[in-house]
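Peer 1:
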Amino acid sequence: MYIVIVGGGDVGLSLTRLLQEEEHEVVLVEKDPERFSKLSDELGESVIMGDGAELGTLLNMGANRADVLVAVTGTDQDNLVICQIAKLIYLIPRTIAKVNDPKNEELFSSLGVDATVSSTKTIASLIEEKIDAGMAIPLLAFKEGGVEIFKTELSKESSLINKKISKLKLPQDCIIIAGLRGNEVIIPRGDTRFREGDTIIMLIRKERKEAFKRLFLEAV
Amino acid sequence: MKVVILGCSRVGAMLATGLAKDGNEVAVIDSKESSFVRLPKDAQIKRILGGGVEHDTLKKAGIEEADVFLALTNSDNANLTAAQLVKQTFKVPRVASRIYDVQRAKAFEGLGLDIICPTVDTVEKFQQFLKSK
Numbered sequence: 056m057y058i059v060i061v062g063g064g065d066v067g068l069s070l071t072r073l074l075q076e077e078e079h080e081v082v083l084v085e086k087d088p089e090r091f092s093k094l095s096d097e098l099g100e101s102v103i104m105g106d107g108a109e110l111g112t113l114l115n116m117g118a119n120r121a122d123v124l125v126a127v128t129g130t131d132q133d134n135l136v137i138c139q140i141a142k143l144i145y146l147i148p149r150t151i152a153k154v155n156d157p158k159n160e161e162l163f164s165s166l167g168v169d170a171t172v173s174s175t176k177t178i179a180s181l182i183e184e185k186i187d188a189g190m191a192i193p194l195l196a197f198k199e200g201g202v203e204i205f206k207t208e209l210s211k212e213s214s215l216i217n218k219k220i221s222k223l224k225l226p227q228d229c230i231i232i233a234g235l236r237g238n239e240v241i242i243p244r245g246d247t248r249f250r251e252g253d254t255i256i257m258l259i260r261k262e263r264k265e266a267f268k269r270l271f272l273e274a275v
Numbered sequence: 569m570k571v572v573i574l575g576c577s578r579v580g581a582m583l584a585t586g587l588a589k590d591g592n593e594v595a596v597i598d599s600k601e602s603s604f605v606r607l608p609k610d611a612q613i614k615r616i617l618g619g620g621v622e623h624d625t626l627k628k629a630g631i632e633e634a635d636v637f638l639a640l641t642n643s644d645n646a647n648l649t650a651a652q653l654v655k656q657t658f659k660v661p662r663v664a665s666r667i668y669d670v671q672r673a674k675a676f677e678g679l680g681l682d683i684i685c686p687t688v689d690t691v692e693k694f695q696q697f698l699k700s701k
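Going down the list, the protein sequences come from chains A and B.
The numbering used here applies: residue 56 is where the first sequence begins, and numbers increase by one.
The numbering used here applies: residue 569 is where the second sequence begins, and numbers increase by one.
As structure tokens, this is what we get:
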């Protein structure tokens, strides 16, 4: 894959190294001359100097054939505009932005950024996971429709075990899409019964997340 | 008319002062306290310290009831982000942004944003001057 990374901070640098190790073609863009010269000592020609929000910068590096653009500068407005230009002008199929203020996440996805990464939110959810009895681990959030996919392991106290799925009192707008028992994948049907230690994967509407959490904290 | 202006730049301050004089309700947002010195001391203008991509700051400036939002910081990207946020989230009816970079201005005009590009305007003024002899 050809991957363009904008923003040569710690995240951009580590990401470039990691993706190069995986044999991807990676170009890192850095605006600040001082930081650029430091980066080019280490990365050679893989780093170019320029403003990723300027159309010319991206054109010069052949951004129109890029598969992915990642915007990881320190400011949200730069990351948003860079991703929008990548999508609009260079038709890059996938754009990923770092979001510093979690409040901006929704705006970014509604304006076409394919995926957002918020370290604030990730850390917060890791803390919550520790506190929650039922460890509900978010796997995937969709841009459309406000739904998320979670996985969780069923403990022996869970009210979900040893009962037919058709008899379970699941919150509204929540379905179990698969179960995992060791290496076996269980496609659930009405008469499926889960056991202690099974992992279940659920699709849930975001606004029902609280009901979902309750189910795992109290009833599980 | 209720107007929120982002950026107490020279243009922002002058616009705000004029609009307030004409009897409009004006609020100006800037991230630097020192920028507000550009406003006349006795001007009836609300001064809000903060950034234009912050929901709380925008609300303090009265964005929820605003008729117009003008993005006039010196950063194109800050203006574009704030303008889109204000249109999308706060449904402000009239929104315009100053964008210096011509290509970026064109790209976002294509997205339906109202943009004023001083670079193009200045070039035109100089061209007129050269033609006029």
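Idealized CB from N, CA, C, for every residue including glycine.
Relative to chain A, which residues along the region 632-658 of chain B have a C-beta separation below 8 Å, given in chain order?
Peer 2: Within the region 632-658 of chain B, the qualifying residues are S643, D644, N645, A646, L648, T649, A650, Q652, L653, Q656, T657.
Peer 1: If the cut is a Cβ gap below 7 Å, which residues of chain B does A:K158 touch?
Peer 2: Going along chain B in sequence order, the residues near A:K158 (Cβ under 7 Å) are H623.
Peer 1: Indicate the three-state DSSP secondary structure (helix, strand or coil) for A:C138 in the structure shown.
Peer 2: It is helical.
Peer 1: For A:E160, write down the residues that DSSP places opposite it in a beta bridge.
Peer 2: BP columns for A:E160 are empty, so no partner.
Peer 1: Straight-line CA distance for A:I241 to A:C229?
Peer 2: Those two C-alpha atoms are separated by around 17 Å.
Peer 1: By alpha-carbon positions, which one of A:E208, A:T71, A:I204, A:C138 ends up nearest to A:Y57?
Peer 2: If we check each option's Cα against that of A:Y57, A:T71 comes out closest.
Peer 1: Measuring only the C-alpha atoms, how far is A:G111 from A:I140?
Peer 2: Cα to Cα, A:G111 sits roughly 11 Å from A:I140.
Peer 1: According to the neighbour-count rule (16 or more other Cβ atoms, all chains shown, within 10 Å of its Cβ), is A:G129 buried or exposed?
Peer 2: Its Cβ having fewer than 16 others within 10 Å, A:G129 is exposed.
Peer 1: Applying a beta-carbon distance threshold of less than 7 Å, which residues of chain A neighbour B:R615?
Peer 2: Within chain A, no residue comes near B:R615; the closest Cβ sits about 22 Å away, beyond 7 Å.
Peer 1: Using only the alpha-carbon positions, how far apart do B:S577 and B:D635 sit?
Peer 2: Rounded to whole angstroms, B:S577 to B:D635 spans 21 Å at the Cα level.
Peer 1: What residues of chain A sit near B:R666, judged by a beta carbon separation below 9 Å?
Peer 2: Residues of chain A passing the Cβ test: none, with the nearest at roughly 14 Å.
Peer 1: For A:V125, which residues in the same chain have their Cβ closer than 6 Å to its Cβ, ignoring the five residues on either side in sequence?
Peer 2: Here the set comprises I60, I151.
Peer 1: Compare the beta carbon distance of B:L743 and B:V572 with 9 Å and say whether it is the shorter of the two.
Peer 2: Nothing can be reported for residue 743 of chain B: it is not among the residues displayed for chain B, which extend from 569 to 701.
Peer 1: Note down, in chain order, every chain B residue with its Cβ under 7 Å from the Cβ of A:V136.
Peer 2: Within chain B, the residues near A:V136 are N645, L648, T649.
Peer 1: Under 7 Å Cβ-Cβ, which residues of chain A neighbour B:Q695?
Peer 2: Within 7 Å Cβ-Cβ: nothing; B:Q695 doesn't reach chain A, min ~23 Å.
Peer 1: Please check if any C-beta of chain E sits within less than 9 Å of the C-beta of B:G618.
Peer 2: No chain E is part of this structure, whose protein chains are labelled A and B.
Peer 1: From the beta carbon of B:L679, is the nearest beta carbon of chain A less than 9 Å away?
Peer 2: With 9 Å as the cut-off, B:L679 counts as an interface residue toward chain A.
Peer 1: Can you pull the chain A residues whose beta carbon is under 9 Å from the beta carbon of B:R672, in chain order?
Peer 2: Near B:R672 (Cβ distances below 9 Å), the residues of chain A are A108, E109, L110, V136, I140.
Peer 1: Can you tell me which of A:S214, A:L73, A:G62 puts its alpha carbon nearest to the alpha carbon of A:F91?
Peer 2: The residue with the shortest Cα to Cα distance from A:F91 is A:G62.
Peer 1: What is the DSSP secondary structure of B:D682, counted as helix, strand or coil?
Peer 2: Strand, per DSSP.
Peer 1: Can you name the residues of chain A whose CB is closer than 7 Å to the CB of B:I669?
Peer 2: Reading the sequence as shown, one finds Asp at residue 669 of chain B and not Ile. Residues of chain A passing the Cβ test: E109.
Peer 1: Taking one C-beta from the region 216-233 of chain A and one from the region 256-264 of chain A each time, how about it: are there three or more such pairs within less than 8 Å?
Peer 2: Counting Cβ pairs under 8 Å, three or more are found: they touch.
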